[in-house]
Amino acid sequence: YPVESIRNFSIIAHVDHGKSTLADRLLEITGTIAKTGRNKQVLDKLQVERERGITVKAQSASLFYNHEGVNYLLNLIDTPGHVDFSYEVSRSLSACQGVILVVDANEGIQAQTVANFYLAFEAQLAIIPVINKIDLKNADPERVEKQIEKLFDIPIDECVRISAKQGTNVEKVLQKVIEKIPPPQCHTADPLKALVFDSTFDHYRGVIANIALFGGEIQKGYKIVSAHTKKRYEVNEVGILTPNEQPIHKLYAGQVGYLIAGMKEVTEAQIGDTLFLYEQPVEPLPGFKTAKPMVFAGMYPVDQTEYNNLRSALERLTLNDSSVTVHRDSSLALGAGWRLGFLGLLHMEVFNQRLEQEYNMSVILTAPTVPYKAILSSAKLIKEYGKAEITIINPAQFPDRLSVSEYLEPTVLGTIVTPQEYIGKIIALCQDRRAVQKDMLYIDERRVMLKYLFPLNEIVVDFYDALKALSSGYASFDYEDAGYQAADLIKMDILLNGNPVEELATIIHNDKAHVTGKFLCERLKDAIPRQLFEIAIQAAIGKKIIARETLKAYRKNVVAKCYGGDITRRMKLLKRQAEGKKLMRKIGNVEVPRDAFIRVLKRQ
Ligand code: GTP
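Residue numbers (UniProt numbering): 323 to 926.
Below, the structure is given as structure tokens:
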């Protein structure tokens, strides 16, 4: 395939607008997969992806298509479909010259449509707007075309109306891909220059790196070097993705495919790295920023005897997902465990679900926190850390106010698209989350786009759910990293009869201290069984108590409060109490069952 007949493109869309369905149709039309009617989301390989209907890891495929007597090689580079993975979207786009932007004909432009459009626009890619689901009864493609024109400045007549489900006009999309998207600008005669845009790990074959060739050619036996690690490798196999790996003799400039070269860890195939020939060094392609974890949580085995099994499951899972960071951690109540960093909340959930489904692990995941920063003013601490600006991912490391000139918190720029009737409630919600409005724009008579600068910790736990609840599911949300801002942060301790419980210390904004303190005290009161004496449960900032609950002394008969005489229920309760005793942690003279920590720390 000469470079002129190659097209490299991605499909981008808001969740559920039909990206995977369109990809399946494209694969069928081009004969890449058989038309069985059972090809549901062939590119989504992971079980969690199928269950949740979201794409987590990008998969790519090469399609062969004859148009007006010319054979074309169309490389479809799949992108993940969720806000947490926008980092992966941008890196997939770097291997493309154009995108298909899919918008649901009924729902219209949503938050992620806007975010994805700008990623493609900034990368200067050709954009083909496609209005999907025109078969739906409520489809209003005209309205959506007007939105696209207003917001993205794309003429109405450039939109293609399709039904990916029924296959209507899908062929037209392929023709647009050929006409509108330029071929890659590169030459096989140049020295080899291969961009690594994704990598996976295979137990038998090691690292499989997905590459886009920006120059030269590559085949088995070539000796290559990584610009990032400077390590040398000999190529064992190259091939294309159809969408499974299919070995071929050679990959040429402009093509997209995979490479296996004896790399043992995914960190050796850094996303954004450039590979070149040992004898022909080249200027590396501009890389990407490494993925930054934005949400941290503690992970512990439910049962400490499972520690080693969990460790090996974590090791194997992170081999395939280099964006998760892992540090060992331990807690007196929960035992030995880890502190994990994720790109976002969904990423954390997906990871947890994969541990459960693919490795049969059941774990305790503590409440998520974000990475705060502190600018130190104490010369002693600066010396200790070797720098003035430190990142804090654990409340135990929170430096005292007296030794700090400024605390900083991470922020994100959030985009919300909503029917106008919910604006009032949404604005109130955003204000409650300490967000600052940056923009408000009507995208048509009924829909509004809002932009807010949010402190990240205000959205990590339940913002998305709250937004969905108050808009009956109609508002959509997406966000991008917006750097750090100064914040009035404090560390809040939880005390039991005056003794601090280190597992429950949190870093929060001063304004939120009272509400959060009260909430934690109430929850803890429900979770600790009564004891022989009264227990004061307090939230404190330094020496100042800001919330208090009192747990009254023991009532002797634990089963008395159990209604009726169901014997099995009574036995269960007694058994649970006995088990609980084994897992007590003593704080001062107060005995706290391990399960109380779990109930307080666990996300709800
Ligand atoms: P993510 O992978 O989460 O990004 O979703 P997606 O954009 O890939 O959407 P997907 O292809 O999974 O489609 C979402 C839902 O819309 C599925 O239930 C599809 O069957 C349905 N759908 C897709 N295209 C059409 C269409 O043209 N018409 C109708 N009626 N339904 C469609």
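Here a beta-carbon is modelled for each residue, glycine too, at the ideal position from N, C-alpha and C.
Note that the coordinates shown come from a computational prediction; the quantities given were computed from them, not determined experimentally.
Since residue i sits in a beta bridge, which residues does DSSP pair it with?
{"i": "Tyr801", "result": "Gly736"}
{"i": "Gly620", "result": "Arg661"}
{"i": "His649", "result": "Arg661"}
{"i": "Glu871", "result": "Ile859"}
{"i": "Ala516", "result": "Leu535, Leu597"}
{"i": "Tyr580", "result": "Asn532, Gly561"}
{"i": "Phe331", "result": "Leu398, Gly420"}
{"i": "Ile686", "result": "Tyr622"}
{"i": "Glu728", "result": "Ile697"}
{"i": "Tyr387", "result": "Tyr394"}
{"i": "Ser548", "result": "Leu597"}
{"i": "Asp524", "result": "Gly528"}
{"i": "Met814", "result": "Thr828"}
Using only the alpha-carbon positions, how far apart do residue i and residue j sit?
{"i": "Leu496", "j": "Leu441", "result": "22 angstroms"}
{"i": "Ala797", "j": "Glu464", "result": "21 angstroms"}
{"i": "Thr564", "j": "Ser684", "result": "35 angstroms"}
{"i": "Val518", "j": "Val588", "result": "11 angstroms"}
{"i": "Glu471", "j": "Arg413", "result": "27 angstroms"}
{"i": "Val466", "j": "Ile704", "result": "55 angstroms"}
{"i": "Thr377", "j": "Gln592", "result": "Below a pLDDT of 50, predicted positions are generally treated as unreliable, and Thr377, at 49, falls in that range; no measurement from the model is reported."}
{"i": "Asp366", "j": "Ile697", "result": "Only weak support is given to the placement of Asp366: the predicted model assigns it a pLDDT of 49, under 50, and the value that follows is read from those uncertain coordinates. Near 44 angstroms, if we compare the C-alpha coordinates of Ile697 and Asp366."}
{"i": "Phe841", "j": "Thr343", "result": "44 angstroms"}
{"i": "Pro615", "j": "Gly663", "result": "5 angstroms"}
{"i": "Gly353", "j": "Leu668", "result": "34 angstroms"}
{"i": "Val914", "j": "His336", "result": "46 angstroms"}
{"i": "residue 321", "j": "Gln679", "result": "Outside the displayed span of the chain (323 to 926) sits residue 321, for which this structure offers no information."}
{"i": "Leu724", "j": "Ile812", "result": "12 angstroms"}
{"i": "Asn558", "j": "Gly659", "result": "38 angstroms"}
{"i": "Gly420", "j": "Pro608", "result": "19 angstroms"}
{"i": "Asp400", "j": "Ser384", "result": "11 angstroms"}
{"i": "Gly538", "j": "Ser645", "result": "30 angstroms"}
{"i": "Glu605", "j": "Glu493", "result": "39 angstroms"}
{"i": "Glu711", "j": "Leu854", "result": "47 angstroms"}
{"i": "Val424", "j": "Glu802", "result": "20 angstroms"}
{"i": "Arg527", "j": "Gln860", "result": "55 angstroms"}
{"i": "Cys481", "j": "Asn491", "result": "12 angstroms"}
{"i": "Gln568", "j": "Arg661", "result": "38 angstroms"}
{"i": "Asn393", "j": "Ile478", "result": "30 angstroms"}
{"i": "Tyr681", "j": "Asp784", "result": "27 angstroms"}
{"i": "Lys459", "j": "Glu390", "result": "35 angstroms"}
{"i": "Asn779", "j": "Thr510", "result": "48 angstroms"}
{"i": "Ile334", "j": "Arg676", "result": "25 angstroms"}
Put residue i into one of helix, strand or coil per three-state DSSP.
{"i": "Ile530", "result": "strand"}
{"i": "Thr828", "result": "strand"}
{"i": "Pro506", "result": "coil"}
{"i": "Phe720", "result": "coil"}
{"i": "Met670", "result": "helix"}
{"i": "Leu348", "result": "helix"}
{"i": "Tyr323", "result": "coil"}
Would you kindly check if the distance between the Cβ of residue j and the Cβ of residue i is under 9 angstroms?
{"i": "Leu348", "j": "Leu398", "result": "yes"}
{"i": "Gly736", "j": "Asp800", "result": "yes"}
{"i": "Val547", "j": "Tyr600", "result": "yes"}
{"i": "Ile431", "j": "Arg769", "result": "yes"}
{"i": "Glu731", "j": "Pro777", "result": "yes"}
{"i": "Gln541", "j": "Ile562", "result": "no"}
{"i": "Phe673", "j": "Val499", "result": "no"}
{"i": "Val560", "j": "Ile582", "result": "yes"}
{"i": "Asp422", "j": "Ile453", "result": "Reading the sequence as shown, one finds Ile at residue 422 and not Asp. Against a cut-off of 9 angstroms, the Cβ pair of Ile453 and Ile422 comes out as no contact."}
{"i": "Lys515", "j": "Phe536", "result": "yes"}
{"i": "Ile714", "j": "Lys702", "result": "no"}
{"i": "Asp426", "j": "Lys468", "result": "no"}
{"i": "Arg329", "j": "Leu395", "result": "yes"}
{"i": "Ala635", "j": "Thr596", "result": "no"}
{"i": "Pro506", "j": "Ala531", "result": "no"}
Quick check on this structure: which residue in the options has the alpha carbon closest to the alpha carbon of residue i?
{"i": "Gly489", "options": "Asp848, Asp346, Ser794, Lys866", "result": "Asp346"}
{"i": "Phe720", "options": "Val692, Gln577, Val492, Val557", "result": "Val692"}
{"i": "Asn566", "options": "Gly666, Ala583, Asp524", "result": "Asp524"}
{"i": "Gln742", "options": "Glu767, Ser725, Thr733", "result": "Glu767"}
{"i": "Ile503", "options": "Lys695, Arg907, Ala417, Lys341", "result": "Ala417"}
{"i": "Asp651", "options": "Thr627, Thr688, Gln675, Gly864", "result": "Thr688"}
{"i": "residue 948", "options": "Ile868, Ile863, Asn819", "result": "For residue 948 there is no data in the structure shown, the boundaries of the chain being 323 and 926."}
{"i": "Asp475", "options": "Phe443, Met621, Ala875, Ser653", "result": "Phe443"}
{"i": "Gly839", "options": "Ala827, Asn911, Ile850, Val411", "result": "Ala827"}
{"i": "Ala804", "options": "Leu677, Ser727, Lys773", "result": "Lys773"}
{"i": "Ala808", "options": "Glu429, Glu728, Ala433, Arg870", "result": "Glu728"}
Does residue i come within less than 9 angstroms of chain D when only Cβ atoms are used?
{"i": "Met616", "result": "Included in the structure is just one protein chain, with no chain D present."}
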